[in-house]
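Counting from 1 along the sequence shown, just add 130 to a position and that's the residue number in the numbering used here.
Every residue, glycine too, gets a C-beta built ideally from N, C-alpha and C.
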Amino acid sequence: MSPALINIRQRAHLLKEARAFFSSRNVLEVDPCALSPYAPIDSNIDVISAQVSDTEKGFLHTSPEYAMKRLLALGSGDIYFLGHVFRKNERGRLHNPEFTMAEWYRLHFTLLQMIEETAAFLSLFLGSLPVRILSYRAAFSQVGINYTEDPLLKLQELTGRDWPRETCLHFLLTHLIEPELGQNELTVLTDYPPHEAALASVTEKNGELVANRFEIYYQGVELSNGYHELCNASELRRRFHKENNIRKSANKETYALDERFLSAMQKGMPDCCGVSVGVDRALMLRQKCKSIGEVLPFCWGK
């Protein structure tokens, strides 16, 4: 049997196992629309648009997050999605414009419970691995950086760019720290600074504000991104405006706010945690492949 057919069968088996994982936990599968009148607003993620009619433009979802949170606000209970999402300008060893994502939400879970369940889900692909929790501060300390106290000039010298502090830190995280994480274990990065909160809630811990967020890495590859979800509609609106301003300063397209989503958040979403997992990356690591293109039936351009 050819490697391509082996990968197709392996993918089918693991998708079946993934659905069984959620079914055993009474988590309901949902199938939100992939095409929306509104784009998610994130300064780090670009959206693929589609011409719906002569006068209407839509956007392919980069994640089912907004739609799933509207379902949570309607009273859906615990839900999951397993399907394709789309992102513009994403090509490379770990990226493809279309890829498979697992995303789920658990009511009244703590962040630690969500970390444990995500590690259990990843074990379907990677087998049982030790789990190490590492704070954002500790990760930077390991490379000799105090992310709150070191002068901006030091960060700019390390990046070689005349960037603001937050941009320098993000670059150092992705280029210096992340590639070394999870070499022989699942490394869970936690306690991000508030500027990296995205749609996570923020709390005080050990005398400083941190985002209730985690990412899990294995062999230097980011596999999952989870939050204790922010439910405050006013704060969500503020963050969307901030992200649009960052996009504008970078000469990127800005997007209209999805008032349907904000209205649902205003009415009330239950306390919950949510997480997304890159299925193709997990398959790539399981199969010991060098790129996700080797485990996709058809990667872009193939």
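Original post:
In its own chain, which residues sit with a C-beta less than 8 Å from the C-beta of R141, not counting the 5 before and 5 after it?
Top reply: The residues are L413, V425 and P427.
Original post:
Rounded to the nearest angstrom, how far is the Cβ of I307 from that of F270, given a contact under 8 Å?
Top reply: 7 Å
**OP:** Could you check the C-alpha separation between R200 and V340 for me, to the nearest Å?
**Re:** 26 Å
Subject >> First and last residue of the uninterrupted beta strand (DSSP E) at M231 >> reply: E228 to L237
**OP:** Can you have a look at L242 and say buried or exposed, based on whether 16 or more other CB atoms are within 10 angstroms of its CB?
**Re:** The residue in question, L242, is exposed, as its Cβ has fewer than 16 Cβ neighbours within 10 Å.
Subject >> C-beta contact flag for G398 and Y348 at 8 Å >> reply: no
**OP:** Go to S436, then tell me how far its beta strand (DSSP E) extends in each direction, as first and last residue.
**Re:** Missing from the structure shown is residue 436; the chain here goes from 131 to 432 and no further.
Subject >> Segments of 3+ residues assigned as beta strand (DSSP E) that fall wholly inside the stretch 189 to 214 >> reply: none
Original post:
Ordered along the chain, which non-local residues of its own chain (more than five positions away) have a Cβ less than 7 Å from that of P400?
Top reply: L202 and L237
Subject >> Host alpha helix (DSSP H) of C298 (start-end) >> reply: R295 to L302
Original post:
Straight-line CA distance for L254 to S183?
Top reply: 42 Å
Subject >> Selected residue, minimal CA-CA separation from N137, among G423, E228 and L158 >> reply: G423
Original post:
Terminal residues of the continuous alpha helix (DSSP H) containing S406?
Top reply: Note, S406: premise wrong, no alpha helix (DSSP H); beta strand (DSSP E) at C402 to G408.
Original post:
In three-state DSSP terms, what is Y348?
Top reply: strand
Subject >> Beta-carbon proximity list for V261, same chain, < 7 Å, skipping 5 on both sides >> reply: A249, E315, L316 and V318
**OP:** Classify F428 as helix, strand or coil using the three-state DSSP reduction.
**Re:** coil
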